[in-house]
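Line by line, the protein sequences are chains A and B.
Residue numbering for the first sequence follows the numbering used here, starting at 185 and increasing by one per position.
Residue numbering for the second sequence follows the numbering used here, starting at -14 and increasing by one per position.
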Amino acid sequence: MTWQTYLFLVLAGSTFSYSGYRFSLLYRLMKNHQGKANRLDRIPERILTTIANVLGQKAVLKKRAAGIMHATIFWGFLIITVGTLEQFAGTLYQGASFEFIGEGAYSALVMVQDILTLLVLLAVGYAFYRRLIIRPEGLGKSKDATIVLTLTGSLMISILLMNGFHILSAEPWYQSSMPISRLVAYFLKDLGLTPEFNGALSTLFKWVHMSIVLSFAIYIPSSKHLHIVAAGPNTFLKTLPREKAMKPIPFEDESVQQYGAAKITDLSWKDALDYYSCTECGRCQDVCPAHNTGKPLTPKMLILDLKNNLYHNKEKILAGKLEEVSPIIDQHLTEDVIWACTSCRACEIACPVFIEHTDKIYDIRRNLVMMESKFPAEVQTVFKNMENNASPWAFASSDRGNWAEGLNVKTMAEDSQVDVLLWVGCAGSYDDRNKKVLRAFASILKKANVKFAILGTEEQCTGDPARRIGNEYLYQTLAKANIETLNRYQVKKIVTACPHCFNTIKNEYKDFGGHYEVHHHSQFIAQLVTQGKIKPTKTLDESVTFHDSCYLGRWNSVYEQPRAVLQSLPSINLVEMKSNHDDSMCCGAGGGRMWMEEKIGTRINVKRTEQALETRAGIVASSCPFCMTMLTDGVKSKEMQDKVKVMDIAELIDQSTP
Amino acid sequence: MNIYVCIKQVPDTETKIKLNADQNGIDTTGIKWIVSPYDELAIEEALRLRDKNPGSTATVVSAGPVRVVEAMRTALAMGADSAIHVDLPESADNNWVAKSIAGALKKESKFDVIFTGKEAIDDGAAQVSQLVAEYLGIPSVTVVLGTEYLPSGVRCKREIEGGSFEMVEASFPLLIAAQKGLNEPRYASLPNIMKAKKKEVKTLKPSDVGTSEADQKIRYKNFQLPPPKQAGKKISGDPAAQAKELVRLLHEEAKVV
Chain A
185 MTWQTYLFLV LAGSTFSYSG YRFSLLYRLM KNHQGKANRL DRIPERILTT IANVLGQKAV
245 LKKRAAGIMH ATIFWGFLII TVGTLEQFAG TLYQGASFEF IGEGAYSALV MVQDILTLLV
305 LLAVGYAFYR RLIIRPEGLG KSKDATIVLT LTGSLMISIL LMNGFHILSA EPWYQSSMPI
365 SRLVAYFLKD LGLTPEFNGA LSTLFKWVHM SIVLSFAIYI PSSKHLHIVA AGPNTFLKTL
425 PREKAMKPIP FEDESVQQYG AAKITDLSWK DALDYYSCTE CGRCQDVCPA HNTGKPLTPK
485 MLILDLKNNL YHNKEKILAG KLEEVSPIID QHLTEDVIWA CTSCRACEIA CPVFIEHTDK
545 IYDIRRNLVM MESKFPAEVQ TVFKNMENNA SPWAFASSDR GNWAEGLNVK TMAEDSQVDV
605 LLWVGCAGSY DDRNKKVLRA FASILKKANV KFAILGTEEQ CTGDPARRIG NEYLYQTLAK
665 ANIETLNRYQ VKKIVTACPH CFNTIKNEYK DFGGHYEVHH HSQFIAQLVT QGKIKPTKTL
725 DESVTFHDSC YLGRWNSVYE QPRAVLQSLP SINLVEMKSN HDDSMCCGAG GGRMWMEEKI
785 GTRINVKRTE QALETRAGIV ASSCPFCMTM LTDGVKSKEM QDKVKVMDIA ELIDQSTP
Chain B
-14 MNIYVCIKQV PDTETKIKLN ADQNGIDTTG IKWIVSPYDE LAIEEALRLR DKNPGSTATV
46 VSAGPVRVVE AMRTALAMGA DSAIHVDLPE SADNNWVAKS IAGALKKESK FDVIFTGKEA
106 IDDGAAQVSQ LVAEYLGIPS VTVVLGTEYL PSGVRCKREI EGGSFEMVEA SFPLLIAAQK
166 GLNEPRYASL PNIMKAKKKE VKTLKPSDVG TSEADQKIRY KNFQLPPPKQ AGKKISGDPA
226 AQAKELVRLL HEEAKVV
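If you want it as structure tokens, here you go:
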């Protein structure tokens, strides 16, 4: 026991007690949320994803330079922490070290640490360069980041100085395994100090190093660097499947009095863990179509505003006075922010720590719509149409089957012994442009001798627009009615040309007793082509670019089949837009935005159309009725309708197939 | 204040109207019924007035077959406090309806303002509001798109021919028939929809309100659907020939010139 032991015990004891207390508050804040989230299923899968994304830094490395920088610091942190623990041990008990692991192993450990120290220092240098010189927009300014990078850099420098002086004073046996520290020692030798003085300086820098480590423990709980503790668990607890369903509200449960989130505590503990995990890297903001067209929504600020709201209400929440907690919607997080979201999910897919932005927006919308009746004025007509005519557009239910006039398409009422039910959807039923798509798809089915039928007037809107806008009650009314009809006909297999219908029938009807094998028409046509039932022969002398629908791509990972369908066209030249697949940009119609006016900023569909026009393709291929409408409008607004056609993949296949 | 709002249940605006077998009315099978849109304006106005005057009540009244209760539930979900249903047959005409509503209101302790829509969107007769006022012997102001409440009555802005407006003042009790533009009707919140299921709906028979079938003054004999819309005609040729052909068609076929 030396003075160092006592000093360390006092410092470390008080630091860790304080830090532990702060963490316990964060944990209690999390636990005091009312919303539910069950995330302990499929444990082996969770372990694998955690290994890949935390230890393997998979998601972080999707961005190359910044990813390598982060991975270097992260891996360096892991290995160097072993040295820090050894330092703590040696300080507590004079002479304690990890040398017992064997000479070879210890030399290797020391060498890896030594080299990583330099690499981390270089990564910190790059991080500074990125923040101060490159300044990516999404990153923004952050005092937190400057403090942490300065501390991290100082940690590495103090290690190198400590080791350098140690080599000069003690000449340890493993010094040949410390190339970087030896280089430092080489320069320090020129100071010409006595071995005793070098030894004292080594001890000094050890204390500098340990003090910085301890100050980290105090700093982390109150800074964005909380992510180093929260991001790991957040990765483990993420929603595993891409095809995630929105949470159903049990309306029959009369104890539920609050629908959606009015206050921060109405959200779930997992939402709180999301805020704790946010590193403010801005990847979500970079890809947000709303932000990129001047809307007030940025997914990053959404998360930070929610986090600030949580901290602002901290005392009340910890005291259990949930009724006094201030509303989520305030001067920072406005209703305009919540309505700007197209639910394209680009933010979630880009997030390296798996924050789930859309769930929060949906919950906040549910409160606005169902509890407060607050939503853009034009949405009321949409709800009324859905209530009275089972379609977001004002058309008579009795006209639902009119699109198929003259095609000799049977309804299930006429003949339900079919291979597949064609789910038409409201756009296919009533929108003149999309009626043509449905006619083309029905023609393909006939050419391939597929026995199919439609529900005709028995089909109702799936309810999806209402659900995404926040009217879960209306959604469930429609969903249950449809499920009742589908189950009455004992439908097993469904095909639809609408990704929104596809997503909700396939992934969300399950929660209400609707279990079906659901195909998007791109998947179905791809299969018909593979089976040789459809053989496109007519060549297409145009370049084609394919626009990914969010609800097909990001929500359901269907990327290859629509492309395969297009590739089956003889001599097609398929060109990709700058952003495609997971990075694709939304057309602007998702999340119920199809039925809302776009009053703020520039138009999302025009921006996406510009990306399509950049490819110089003569045909923009779509596989979604809403994308079709948005892109057609976009092409018109660029006055390119004479040169560029927007067509559904079904139309291209049908016109090429005899 | 005791506020009343009279509503009518009508077929949804998108309904494809079919006639019944006897051709003396419409075929009501499969029809989606809604609150007549002008009556929604009346409900909204009643709720706003009630909320501005603590202690007031807003009661919704409707006369017709039992299906109209569903429309009154919509009004209750929007926020009305209670409802009175006068059970009349499907065939009841405007006079019987108006007299029945007036009869039901006379049974109430007091009424200050009665709101209605300017007309129902099914028959578009615009009769009931003024008849109700007549039977009650109170002033009525129709086609109202602005209101200013005074201590003794209401100053109303009403639409008149030629796109002009006039200001009319009437004293309580009075009837106001709402025109589009008066307000934006609210969308019922879910807790209010749930609460509406438990609110009181009082049902009265014609005899309770002093009316009978003898009050039905109109009997419909025969309905006919308008002829189906014909496709447009494109006139070709040089401008002079086109003009000549157009005049000929307007004169001989359309018979308008």
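Yeah, the Cβ is synthetic: ideal placement off N, Cα and C, and Gly gets one too.
Note that this is a predicted model, so its numbers are computed, not measured.
Expected contact under 8 Å - CB spacing of residue i and residue j to nearest Å
i                : j               : result
L494 of chain A  : A574 of chain A : 40 Å between Cβ atoms; not a contact.
R549 of chain A  : G654 of chain A : 3 Å
C141 of chain B  : I123 of chain B : The pair is not a contact, with the Cβ atoms about 14 Å apart (cut-off 8 Å).
C472 of chain A  : A530 of chain A : 6 Å
W587 of chain A  : V608 of chain A : 7 Å
A474 of chain A  : T526 of chain A : 7 Å
T729 of chain A  : A611 of chain A : At roughly 22 Å, the Cβ-Cβ gap does not stay under 8 Å, so T729 of chain A and A611 of chain A are not in contact.
T196 of chain B  : K84 of chain B  : 5 Å
D732 of chain A  : N764 of chain A : 6 Å
K544 of chain A  : L490 of chain A : 7 Å
L555 of chain A  : S174 of chain B : Residue identity check: residue 555 of chain A is Met in the sequence provided, not Leu. So it is a contact: roughly 6 Å between Cβ atoms.
K103 of chain B  : T127 of chain B : 6 Å
I(-8) of chain B : I2 of chain B   : 21 Å between Cβ atoms; not a contact.
N207 of chain B  : N9 of chain B   : 6 Å
D200 of chain B  : N80 of chain B  : 6 Å
is_contact[residue i, chain B] using C-beta, thresh 7 Å
i               : result
M166 of chain A : Absent from the model: residue 166 of chain A. The displayed extent of chain A is 185 to 842, so no value can be given.
S727 of chain A : no
S557 of chain A : yes
M446 of chain A : The sequence as given places Ala at residue 446 of chain A; Met does not occur at that position. Not an interface residue.
Y659 of chain A : no
8 Å Cβ cut-off: residues of chain B touching residue i
i               : result
S843 of chain A : Residue 843 of chain A cannot be examined here, being either before or after the span of chain A that is shown, 185 to 842.
F872 of chain A : Residue 872 of chain A lies beyond the residue range present for chain A, which begins at 185 and ends at 842; the question has no answer from this structure.
C-beta neighbour in chain A for residue i, strict 7 Å
i              : result
K17 of chain B : yes
Residue i: contacting residues in chain B (beta-carbon distance under 9 Å)
i               : result
Q564 of chain A : E169, P170, R171 and Y172
A561 of chain A : E169
Within chain B, partners of residue i - CB distance below 7 Å
i               : result
Y743 of chain A : Those do not exist, as Y743 of chain A stays about 38 Å from chain B at its closest Cβ, beyond 7 Å.
F567 of chain A : Y172
Y443 of chain A : L175
Per-residue contacts from residue i into chain A (C-beta, under 7 Å)
i                : result
D(-3) of chain B : N572 and N573
Cβ pair residue i, residue j closer than 7 Å
i               : j               : result
N687 of chain A : Y743 of chain A : no
V702 of chain A : L605 of chain A : no
L750 of chain A : A805 of chain A : yes
G478 of chain A : T793 of chain A : no
I343 of chain A : T387 of chain A : no
L333 of chain A : A311 of chain A : yes
I628 of chain A : I837 of chain A : yes
A534 of chain A : C465 of chain A : no
A62 of chain B  : N177 of chain B : yes
I257 of chain A : D298 of chain A : no
Y23 of chain B  : A163 of chain B : yes
K635 of chain A : V602 of chain A : yes
G776 of chain A : P649 of chain A : yes
L159 of chain B : A89 of chain B  : no
V71 of chain B  : A48 of chain B  : yes
M780 of chain A : P483 of chain A : no
K829 of chain A : I788 of chain A : no
Partners in chain C for residue i, counting only beta-carbon separations shorter than 7 Å
i               : result
S582 of chain A : No chain C appears in this structure, whose protein chains are A and B.
Q. Taking only runs of the beta strand (DSSP E) that begin and end inside the segment 571 to 625 of chain A, which ones reach a length of at least 3 residues, in chain order?
A. 604 to 607
Q. What residue ranges within the segment 220 to 274 of chain A form continuous beta strand (DSSP E) runs of no fewer than 3 residues, ordered along the chain?
A. none
Q) Where are the alpha helix (DSSP H) runs, 4 residues long or more, that stay fully inside the segment 715 to 790 of chain A, in chain order? A) 744 to 751
**Q.** Any beta strand (DSSP E) of 3 or more consecutive residues that is wholly inside the segment 191 to 242 of chain B
**A.** none
Q: Go through the segment 291 to 334 of chain A residue by residue and report every complete run of the alpha helix (DSSP H) that reaches 4 residues or more, in order.
A: none
Q: Run through the segment 81 to 160 of chain B for me and flag every whole alpha helix (DSSP H) of 4 or more residues, listed as ranges in chain order.
A: 113 to 121
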